[in-house]
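Colleague: Dumping the structure here so I can ask a few things about it.
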Ligand code: BGC
């Protein structure tokens, strides 16, 4: 039974700008205090450096905005662009902004010949960009249910996460050279949601997720990251809320609000550190299903009972994000928090896209299957989905309460592989098109494209598919 009544969607109150810190403390005069918070006493060098830093912090604080994307030019990652133009047709989107993923400690300095964090920030300044988008993705015991993306840090490595991952990132972002950049930081995709959706008594629970929950590892690591990032006036932390196919059910939705609140108030953080929330990171869920509604009844049977919907009151991301946001505000987050939605791969255009509702004279399952634009075999399928397309292009303030549609997952980068690779790279059956994903009477394909490279590597066939099936279509 749900613990609360279903949330009522409310129009988002939108402030044009808001002071920083949100508690309303005056910005001027805080610099000395902030300096200590940001750098710690040991990091303060000469008096001249300290004065520069204090001035930069004051400047950044004075420039703080409600929606960092409003009127902003967003950084285009040249490494992703080079991959995009290497695929025929890719030049149509190669100038779109995508997020930079920090998925290992080594990526901060630059791993495998790729640009490090400072290089990206310097390049952003060279582009005269206003916004840079980062994804922090290295929580200890990461991705407790997926084989493919277990991270480098084990469940006991929280001290390393803090000292070797979060601290160096925060120190770089606090460099006065970057005070005029608005740095959107997407904090740990999927992690907190998994503490609900992949723990007992859900049938997809794993021991690793149980450990992540009982140890407090995710909550405390993320709380620490928020406390460091939230102290920086040029940084805008957005906390991940996964997507409707994980948290949409009431039994997950409401406990997840509690988990997010616990993380936002752990390890020295407060809810003020959270600038907003981000839905659908790396996922394929559509913004809005145009041809059916969760309240529809077909031949006397509610759509809720269809196999696809499976009693989930949420069938698409915008209403999910809106409802989730309202619940988070009710739980104590700032009433002006915004949301982001990752639309990099939720387009579902192409020849298989329905053009209207299916027939209502067959069964409810046939109606839903003929009406839905999300063409996955199951809403939980996540790996390199065949038939998916680029979604809405990155856009600022596209809908009430939504700060932006973003391309957080750089389209064309693999979600993982179903192939055996030599050392250290796990194969995930969910990336194998032949695997039966859900053990019941029926065969449930994973929907993954074949022959994918490991997670994060460029997958040209996937990118070609995304271009072909873009929705809205590419001009
Ligand atoms: C991978 C990361 C990668 C990111 C962006 C994730 O699924 O695990 O290694 O950086 O996607 O492509």
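Numbering (the working numbering), first residue to last: -17 to 457.
Where is the CB? At the ideal position from N, CA and C, for every residue including glycine.
On a predicted model such as this, the values are computed, not experimentally measured, just so you know.
#1: On the three-state DSSP scale, how would you describe residue 453?
#2: Please tell me whether, using a cut-off of 7 Å, the distance from the CB of residue 61 to the nearest non-hydrogen atom of the ligand BGC is below it.
#3: With H, G and I counted as helix, E and B as strand and the rest as coil, what does DSSP make of residue 187?
#4: Would the beta-carbon of residue 328 fall within 8 Å of that of residue 266?
#5: State the beta-bridge partners of residue 105 as determined by DSSP.
#6: To the nearest angstrom, how far is the alpha carbon of residue 335 from that of residue 128?
#7: Just checking residue 215 against the ligand NAP - is the residue's beta carbon closer than 7 Å to any of the ligand's heavy atoms?
#8: Out of curiosity, what's the CA-to-CA distance linking residue 148 and residue 357?
#9: Could you tell me the alpha carbon to alpha carbon distance between residue 158 and residue 215, rounded to whole angstroms?
#10: Have a look at residue 29 and residue 124 and give me their C-alpha separation to the nearest angstrom.
#11: Just the C-alpha distance for residue 61 and residue 391, rounded to the nearest angstrom, thanks.
#12: How is residue 395 classed by DSSP in three states: helix, strand or coil?
#13: Would the beta-carbon of residue 264 fall within 8 Å of that of residue 324?
#14: If you draw a straight line from the C-alpha of residue 84 to the C-alpha of residue 151, how long is it?
#15: Using the three-state DSSP reduction, which class does residue 135 fall into: helix, strand or coil?
#16: For residue 331, which option in 448, 353 and 420 has the closest C-alpha, if you only look at C-alpha atoms?
#17: Just verifying my parser: in three-state terms, what is the DSSP assignment at residue 85?
#18: Are three or more beta carbon pairs between the region 186 to 206 and the region 137 to 147 nearer than 8 Å?
#19: Can you grab the Cα-Cα spacing for the pair residue 277 / residue 435, in whole Å?
#20: For residue 161, which option in 311, 284, 113 and 168 has the closest C-alpha, if you only look at C-alpha atoms?
#21: In the DSSP assignment, the alpha helix (DSSP H) including residue 201 goes from what residue to what residue?
#22: How far does the alpha helix (DSSP H) with residue 31 in it reach, from first residue to last?
#23: Quick check: the Cα distance between residue 463 and residue 269, rounded to an integer number of angstroms?
#24: Count the other C-beta atoms from every protein chain shown that fall within 10 angstroms of the C-beta of residue 433, then say buried if there are 16 or more, exposed otherwise.
#25: With 16 other CB atoms within 10 Å as the buried threshold, where does residue 293 fall?
#26: Leaving out five residues on either side along the sequence, give the residues of the same chain with a beta carbon under 8 Å from the beta carbon of residue 457.
#27: Tell me the DSSP bridge mates of residue 221?
#28: What are the residues that DSSP puts in a beta bridge with residue 320?
#29: For the region 341 to 357 against the region 401 to 420, do three or more pairs of beta-carbon atoms, one drawn from each stretch, fall closer than 8 Å, so that the two count as touching?
#30: Within 10 Å of its beta-carbon, does residue 108 have 16 or more other beta-carbons around it, so buried, or fewer, so exposed?
#31: Give me the Cα-Cα distance between residue 5 and residue 222, rounded to the nearest whole angstrom.
#32: Of the choices 104, 211 and 224, whose alpha-carbon is the least far from that of residue 246?
#33: Could you check if residue 189 is buried or exposed, using at least 16 other CB atoms within 10 Å of its CB as the buried criterion?
Modeller: On the basis of the data shown:
#1: Taking the chain shown and counting its residues from 1, one reaches residue 453 at position 471. Of the three classes helix, strand and coil, the one that applies to residue 453 here is coil, per DSSP.
#2: Counted from its first residue, the chain shown places residue 61 at position 79. No.
#3: Along the chain shown, read from residue 1 onward, the residue named residue 187 stands at position 205. Of the three classes helix, strand and coil, the one that applies to residue 187 here is coil, per DSSP.
#4: The residue given as residue 328 occupies position 346 in the chain shown. The residue given as residue 266 occupies position 284 in the chain shown. For residue 328 and residue 266, yes; Cβs fall inside 8 Å.
#5: One-based indexing of the chain shown puts residue 105 at position 123. DSSP lists no partner for residue 105.
#6: Taking the first residue of the chain shown as position 1, residue 335 is located at position 353. Taking the first residue of the chain shown as position 1, residue 128 is located at position 146. Taking the straight line joining both Cα atoms gives about 29 Å.
#7: This structure simply doesn't include the ligand NAP; it includes the ligand BGC instead.
#8: Taking the first residue of the chain shown as position 1, residue 148 is located at position 166. Taking the first residue of the chain shown as position 1, residue 357 is located at position 375. Roughly 38 Å between the two C-alpha positions.
#9: Numbered from its first residue, the chain shown carries residue 158 at position 176. Numbered from its first residue, the chain shown carries residue 215 at position 233. Cα to Cα, residue 158 sits roughly 11 Å from residue 215.
#10: Taking the chain shown and counting its residues from 1, one reaches residue 29 at position 47. Taking the chain shown and counting its residues from 1, one reaches residue 124 at position 142. Straight-line Cα distance between these residues: approximately 41 Å.
#11: As a first step, residue 61 is located in the chain shown; it is residue number 79 there, counting from the start. As a first step, residue 391 is located in the chain shown; it is residue number 409 there, counting from the start. So the two alpha carbons sit approximately 14 Å from each other.
#12: Numbered from its first residue, the chain shown carries residue 395 at position 413. In this structure, residue 395 counts as strand in the three-state DSSP scheme.
#13: Here residue 264 refers to the residue found at position 282 of the chain shown. Here residue 324 refers to the residue found at position 342 of the chain shown. Between residue 264 and residue 324, the CB-CB gap stays under 8 Å.
#14: What you label residue 84 is simply residue 102 of the chain shown in a count that begins at 1. What you label residue 151 is simply residue 169 of the chain shown in a count that begins at 1. Looking at the two C-alpha atoms, the distance is approximately 9 Å.
#15: Position 153 of the chain shown holds residue 135. In the structure shown, residue 135 sits in coil (DSSP, three-state: anything other than H, G, I, E or B).
#16: To locate residue 331, count along the chain shown from 1; it is residue 349. Here the closest residue by C-alpha is 448.
#17: For this step, residue 85 is matched to residue 103 along the chain shown. In the structure shown, residue 85 adopts coil according to DSSP, grouped into three states.
#18: yes
#19: Within the chain shown, numbered from 1, the residue matching residue 277 stands at position 295. Within the chain shown, numbered from 1, the residue matching residue 435 stands at position 453. Rounded to whole angstroms, residue 277 to residue 435 spans 41 Å at the Cα level.
#20: The count along the chain shown starts at 1 and reaches residue 161 at position 179. When each option's Cα is compared against that of residue 161, the closest is 113.
#21: Taking the first residue of the chain shown as 1, we reach residue 201 at position 219. From DSSP, the alpha helix (DSSP H) with residue 201 extends over 199 to 212.
#22: By one-based count along the chain shown, residue 31 stands at place 49. 29 to 44 is the extent of the alpha helix (DSSP H) around residue 31.
#23: What the structure shows of the chain is the stretch from -17 to 457, and residue 463 is not part of that stretch, so it cannot be assessed.
#24: Here residue 433 refers to the residue found at position 451 of the chain shown. Exposed.
#25: Working through the chain shown from its first residue, we reach residue 293 at position 311. Looking at its Cβ environment, which holds fewer than 16 other Cβ atoms inside 10 Å, residue 293 is exposed.
#26: Your numbering for residue 457 matches position 475 in the chain shown. Once the five neighbours on either side are set aside, the close Cβ partners of residue 457 are 74.
#27: Looking up residue 221 in the chain shown gives position 239. According to DSSP, which records beta bridges pairwise, residue 221 is partnered with 169 and 259.
#28: Position 338 of the chain shown holds residue 320. According to DSSP, which records beta bridges pairwise, residue 320 is partnered with 258.
#29: no
#30: The sequence position of residue 108 within the chain shown is 126, counting from 1. Per the 10 Å Cβ criterion, exposed.
#31: For this step, residue 5 is matched to residue 23 along the chain shown. For this step, residue 222 is matched to residue 240 along the chain shown. Model confidence at residue 5 stands at a pLDDT of 33, short of 50, so the residue's coordinates are unreliable; what they give is reported in the following sentence. If you take the alpha carbons of residue 5 and residue 222, they lie about 23 Å apart.
#32: The residue you call residue 246 lines up with position 264 of the chain shown. That would be 211, whose Cα lies nearest to the Cα of residue 246.
#33: What you label residue 189 is simply residue 207 of the chain shown in a count that begins at 1. Residue 189 comes out exposed.
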